[in-house]
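With the first letter of the sequence shown counted as 1, position 209 gets the number 209 in the working numbering; the numbers rise by one all the way through.
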Amino acid sequence: MALHEEIGNVNIWWFPQDFCQSRFGDFRQSGTNSCTLISLILADKVSKMPSLCQNVAEFPEVAWDLIGESINDGNNVYHDLISANLNINIPDALSAIRSHQKINFRLEEWFFTQVGSDPLSPMIVGVELSRIFTTTLEVFQQGDGWDVPSHLFAAIVADCRTVMVTIDLRTSIAAIIDSHQHGSDAGAVFAQSTIHYISDLMFWFISMLDHIYSSHPAIFEISFLCSMPDVALRIPPAVEQYANDICKPKEKTSKLT
Numbered sequence: 001m002a003l004h005e006e007i008g009n010v011n012i013w014w015f016p017q018d019f020c021q022s023r024f025g026d027f028r029q030s031g032t033n034s035c036t037l038i039s040l041i042l043a044d045k046v047s048k049m050p051s052l053c054q055n056v057a058e059f060p061e062v063a064w065d066l067i068g069e070s071i072n073d074g075n076n077v078y079h080d081l082i083s084a085n086l087n088i089n090i091p092d093a094l095s096a097i098r099s100h101q102k103i104n105f106r107l108e109e110w111f112f113t114q115v116g117s118d119p120l121s122p123m124i125v126g127v128e129l130s131r132i133f134t135t136t137l138e139v140f141q142q143g144d145g146w147d148v149p150s151h152l153f154a155a156i157v158a159d160c161r162t163v164m165v166t167i168d169l170r171t172s173i174a175a176i177i178d179s180h181q182h183g184s185d186a187g188a189v190f191a192q193s194t195i196h197y198i199s200d201l202m203f204w205f206i207s208m209l210d211h212i213y214s215s216h217p218a219i220f221e222i223s224f225l226c227s228m229p230d231v232a233l234r235i236p237p238a239v240e241q242y243a244n245d246i247c248k249p250k251e252k253t254s255k256l257t
């Protein structure tokens, strides 16, 4: 049973401590560094299913299978293809997933950006993250010459941890799914809000990093993804002018995971 918590406009469910990437499934011994793989595989699964949730206050029971299968698949890919104890970035993770014979993966990276943070004022980065998500979502929904997919995804990498943000345009719900263990009492965590309150979701995420891990990352990396083919060729000026150090996937050099 997942433990429910409500903080303002954000609903959070904490899973049992043994339901996380390092303690669940047949390949859990590979779960220490597999969060990027797990997050990407999870997003791809969400893109192929009906809406994950219709109401932000209701826990989607399918989340158990979704997260569990993603943990198993991500740890399996890491076990088969990645050197032990190696952290990998988003492009390398995408390449590994696509090359694995058991994974049918269709998401593509749209663009990448990063946000610097002042460790002495960690909550300020929440404002910047909110602006990036709001602006990017507005541009995405405009559909500049393309059919808008039902979901937009964003992998956030901070302090060597990757989490996945899923944004469902059909239900106007945004969620953060984090497969790591959280302290001694909780495993993975699932948090969601309406898109209107995505800024609250970002502030909750920053607060959670501080509260659980005493983590104040200097850099937050965000990789936006969706199911549209060749999406990386479409970088609208509104996004390009706004984002920090925006680059196409092949140009990215960071090695965080």
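The beta carbon of each residue, even a glycine, is placed where N, CA and C say it ideally should be.
Around the Cβ of residue i, are there at least 16 other Cβ atoms within 10 angstroms (buried) or fewer (exposed)?
i, result
"residue 221", "buried"
"residue 1", "exposed"
"residue 187", "buried"
"residue 106", "exposed"
"residue 45", "buried"
"residue 3", "exposed"
"residue 11", "buried"
"residue 104", "exposed"
"residue 211", "exposed"
"residue 265", "With the chain running from 1 to 257 in the structure shown, residue 265 is simply not present."
"residue 126", "buried"
"residue 178", "buried"
When DSSP labels each residue in this structure, what does residue i get in the three-state scheme?
i, result
"residue 184", "coil"
"residue 3", "strand"
"residue 9", "coil"
"residue 29", "helix"
"residue 232", "helix"
"residue 127", "helix"
"residue 139", "helix"
"residue 105", "coil"
"residue 19", "coil"
"residue 24", "coil"
"residue 171", "coil"
"residue 59", "coil"
Between which two residues does the beta strand (DSSP E) carrying residue i extend?
i, result
"residue 146", "First-last for residue 146: undefined, no H or E at that position."
"residue 112", "108 to 116"
"residue 168", "161 to 168"
Could you tell me which residues DSSP pairs with residue i in its beta bridges?
i, result
"residue 295", "The question about residue 295 has no answer here: the residues shown for the chain are numbered 1 through 257."
"residue 218", "Residue 218 is not bridged to any residue."
"residue 177", "164, 190"
"residue 14", "3, 189"
Would you give the residue range spanned by the alpha helix (DSSP H) that residue i belongs to?
i, result
"residue 69", "62 to 81"
"residue 45", "35 to 47"
"residue 207", "198 to 213"
"residue 90", "90 to 99"
Three or more C-beta pairs closer than 8 angstroms, one from the stretch 49 to 58 and one from the stretch 109 to 127: is that the case here?
With the cut-off at 8 angstroms, the stretch 49 to 58 and the stretch 109 to 127 do not touch.
Given 8 angstroms as the limit, is there contact between the stretch 200 to 220 and the stretch 60 to 79, that is, 3 or more CB pairs closer than that?
A contact between stretches requires three or more CB pairs, one per stretch, nearer than 8 angstroms, and the stretch 200 to 220 fails this requirement with the stretch 60 to 79.
Using a Cβ distance threshold of 8 angstroms, determine whether the stretch 52 to 62 contacts the stretch 16 to 23, with at least three qualifying pairs required.
no
Does the stretch 94 to 103 come close enough to the stretch 57 to 71 to have 3 or more Cβ pairs within less than 8 angstroms?
no
contact_flag[the stretch 85 to 94, the stretch 138 to 150] where n(CB pairs < 8 angstroms) is 3 or more
no
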